[in-house]
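Engineer: Under our numbering, the residues of the sequence shown are numbered 37 to 294, in order. Where a beta carbon is used, it is the ideal one built from N, C-alpha and C, also for glycine. Remember, predicted model here, so these are calculated numbers, not experimental data. Okay, handing you the structure first.
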Amino acid sequence: MAGSVCRSLLVAVNVLLAAGGAALAGVGVWAYLQLAEIVALRNDNHYLLDYNIHWPQVAPWMFVCAGIAVLPVAMCGLCGALGRTRTALSLHALLLLLLVLVHAAVAVLVFLYIDGEPTETFIKDSVFDGIQNAKTEPEILKAFGRLERRLRCCGAHDVTDYRMWPTALDGLPPSCCSRDTLATFCSSTDREANTRYGCAQMAAKQASRLFDFLGAGAAAVGVLELIGLAAALVILARRRSRAPREPPSEKTHLDGFK
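Below, the structure is given as structure tokens:
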């Protein structure tokens, strides 16, 4: 009875693990696309000698890899549970132990290092670069407008960033007033534009939320892996205890009569 319960639990956990791994990888890709829009605003000429790898550029791919790695392990667990294969179960338990360590390390990295001041500074500097480059580069201005529409922000610090622009005489960028891409005018006295926060602050908050969400997802997957590991070990232990013992050999019987 206990063995069938553990086997059913292992099947359910591995189904959830497969779904959780796919979701973690998908959210990692989505986070990369969201952050790439911000990172693209950076002025590379200012950082020619900067060879550092910044967390917003690589962290999403950590979660993509961590999520994808769960899928074959979950399949191995399903094969071991449904096919009752001892080898597959043993391999599954070993891989689960490794994944628990990996996801625990990723979650710790998020909450102690990735979601911290260096990441906030990197994101804000990217937005500040964007507002400066937007003055002379139309493509950057369009990209900054898309960011303003998505985050419902205006300027890098706030709406005052546009006061010194030549376009200030004609109002503000339409993206400061509306999320409608067809809008063509935004008055400098528009209430919504003047109450919006700066994009540097909003982008930093979005990055923090993304990493917190990914970290929580990695931790949740790690908990499922621990449950699956416990179920796999119980099944293996029960099978070992039920393994038939070899009958005593004829030589052993003869030795007993000596």
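Whole angstroms are fine: how far does the CA of Ser223 sit from the CA of Cys100?
Structural biologist: Residue mapping note: residue 100 aligns to position 64 of the sequence shown, counting from 1. Residue mapping note: residue 223 aligns to position 187 of the sequence shown, counting from 1. It is Val, not Cys, that sits at residue 100 in the sequence shown. Each residue's Cα considered, the two are about 43 Å apart.
Engineer: Using the rule of at least 16 other Cβ atoms within 10 Å of the residue's Cβ for burial, across every protein chain shown, is Ser44 buried or exposed?
Structural biologist: The residue you call residue 44 lines up with position 8 of the sequence shown. Result: exposed.
Engineer: Which stretch, first to last residue, makes up the alpha helix (DSSP H) that contains Met200?
Structural biologist: One-based indexing of the sequence shown puts residue 200 at position 164. Looking at the DSSP string, Met200 is not in any alpha helix (DSSP H), and its letter there is neither H nor E.
Engineer: Of the choices Ser211, Ala256, Phe180, Asn50, whose alpha-carbon is the least far from that of Leu114?
Structural biologist: Taking the sequence shown and counting its residues from 1, the one referred to as residue 114 is at position 78. Among Ser211, Ala256, Phe180, Asn50, the Cα nearest to that of Leu114 belongs to Asn50.
Engineer: Tell me, to the nearest whole angstrom, how far the beta carbon of Ala110 is from that of Gly57; I am working on the premise that it is less than 8 Å.
Structural biologist: On the sequence shown, position 74 is the one that residue 110 refers to. On the sequence shown, position 21 is the one that residue 57 refers to. Correct: roughly 7 Å between the Cβ atoms.
Engineer: Kindly indicate which three-state DSSP category Cys222 falls into: helix, strand or coil?
Structural biologist: Translated into positions along the sequence shown, residue 222 becomes position 186. In the structure shown, Cys222 sits in a strand (DSSP, three-state: E or B).
Engineer: Please name the residue, chosen from Gly191, Pro92, Ala67, that lies closest to Phe164 on a Cα-to-Cα basis.
Structural biologist: Residue numbering aside, residue 164 sits at position 128 when the sequence shown is read from its first letter. Comparing Cα-Cα distances from Phe164 to each of Gly191, Pro92, Ala67, the minimum goes to Gly191.
Engineer: So, at 8 Å on beta carbons, what are the nonlocal neighbours of Trp10 in its own chain, with the 5 sequence-adjacent residues on each side left out?
Structural biologist: With the chain running from 37 to 294 in the structure shown, residue 10 is simply not present.
Engineer: Just to confirm my understanding: we take Ala302, look at its own chain, exclude 5 residues before and 5 after, and list those with CB closer than 6 Å. What are they?
Structural biologist: No statement about residue 302 is possible, as the shown extent of the chain runs from 37 to 294 and does not include it.
Engineer: Would you please state the rounded distance, in angstroms, between the beta carbons of Ile167 and Trp91? I believe it to be under 8 Å.
Structural biologist: Your numbering for residue 167 matches position 131 in the sequence shown. Your numbering for residue 91 matches position 55 in the sequence shown. Between Trp91 and Ile167 the Cβ distance is about 23 Å, and since that is not below 8 Å, they are no contact.
Engineer: Okay, do the stretch 255-273 and the stretch 128-135 touch, 3+ Cβ pairs below 8 Å being the bar?
Structural biologist: Yes, they touch.
Engineer: How far does the alpha helix (DSSP H) with His128 in it reach, from first residue to last?
Structural biologist: Residue numbering aside, residue 128 sits at position 92 when the sequence shown is read from its first letter. Here the alpha helix (DSSP H) through His128 covers 122-145.
Engineer: At which residues does the alpha helix (DSSP H) containing Ile104 begin and terminate?
Structural biologist: In the sequence shown, counting from the first residue as 1, residue 104 sits at position 68. Taken as a continuous stretch (DSSP letters only), the alpha helix (DSSP H) holding Ile104 covers 91-119.
Engineer: Determine whether the beta carbon atoms of Leu269 and Ala117 lie at a separation below 7 Å.
Structural biologist: As a first step, residue 269 is located in the sequence shown; it is residue number 233 there, counting from the start. As a first step, residue 117 is located in the sequence shown; it is residue number 81 there, counting from the start. Result no, Cβ atoms of Leu269 and Ala117 do not sit closer than 7 Å.
Engineer: Which stretch, first to last residue, makes up the alpha helix (DSSP H) that contains Leu183?
Structural biologist: In the sequence shown, counting from the first residue as 1, residue 183 sits at position 147. Taken as a continuous stretch (DSSP letters only), the alpha helix (DSSP H) holding Leu183 covers 174-187.
Engineer: Determine the closest residue to Leu131 out of Arg122, Gly119, Val106, Gly152, with distance taken between C-alpha atoms.
Structural biologist: The residue labelled residue 131 in the question sits at position 95 within the sequence shown. Here the closest residue by C-alpha is Val106.
Engineer: If you count every other CB in all the chains shown that lies within 10 Å of the CB of Arg275, and 16 or more means buried, which is it?
Structural biologist: Locating residue 275 in the sequence shown gives position 239, counting from the first residue. Exposed, since its Cβ has fewer than 16 Cβ neighbours within 10 Å.
Engineer: Given Leu52, which residues of its chain have a CB within under 6 Å of its CB, disregarding the five upstream and five downstream residues?
Structural biologist: Mapped onto the sequence shown, residue 52 falls at position 16. The answer, listed in chain order, is Leu260.
Engineer: Going by DSSP, what residue range makes up the alpha helix (DSSP H) through Ser339?
Structural biologist: Look at the range of the chain in this structure, 37 to 294, and you will see that residue 339 is not part of it.
Engineer: With a threshold of 6 Å on Cβ separation, who are the neighbours of Ala61 within its own chain once the five nearest residues in sequence on each side are excluded?
Structural biologist: If you number the sequence shown from 1, residue 61 lands on position 25. Cβ neighbours of Ala61 beyond the five flanking positions: Val100, Gly103, Ile104.
Engineer: Compute the beta-carbon to beta-carbon distance between Ala254 and Ala143, rounded to the nearest angstrom, for a pair I have assumed lies under 8 Å.
Structural biologist: Start at 1 with the first residue of the sequence shown, and residue 254 comes out as number 218. Start at 1 with the first residue of the sequence shown, and residue 143 comes out as number 107. Confirmed, Cβ separation roughly 5 Å.
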